[in-house]
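Data block below; observations after.
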Amino acid sequence: MQIDKTIIMGDLLRMAPGTADILQAHGMGCIFCPCAQAEALGEAADVHGVDADMLVEKVNAYLATLE
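Sequential numbering from 4 applies to the sequence shown in the working numbering.
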């Protein structure tokens with residue numbers, strides 16, 4: 004499975020809970036708040052000043068280890 008910046012944060016966290024550690028390590032501390040659950044990864048990254056492309060790359064690398 005691979006994701007892109009349009010994935011909804013809540014969906015990502017339900018599909019692969021281990022991605023929470025990656026997101027939090029890169030400054031996205033409120034990933035479990037209600038607003039974040041309905042927000043796209045790219046939007047959440049922009050709000051927190053995080054490079055969304057870098058996050059997508061790291062999350063996809065993690066997801067590849069689960070296959």
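Cβ coordinates follow ideal geometry from the N, Cα and C atoms, glycine included. In this text, all values refer to a predicted model and were calculated from it rather than measured experimentally.
DSSP lists A43 as the bridge partner or partners of I11.
Separation of the CB atoms of I34 and L58 is rounded to 11 Å, and the pair is thereby denied contact status at 8 Å. The straight-line gap separating the alpha-carbon atoms of K8 and E46 is approximately 8 Å.
Here M12 is near A39, since their CB atoms are less than 8 Å apart.
Non-local beta-carbon contacts of A41 in its own chain, meaning distances under 7 Å to residues more than five positions away in sequence, involve I11 and G13 in chain order.
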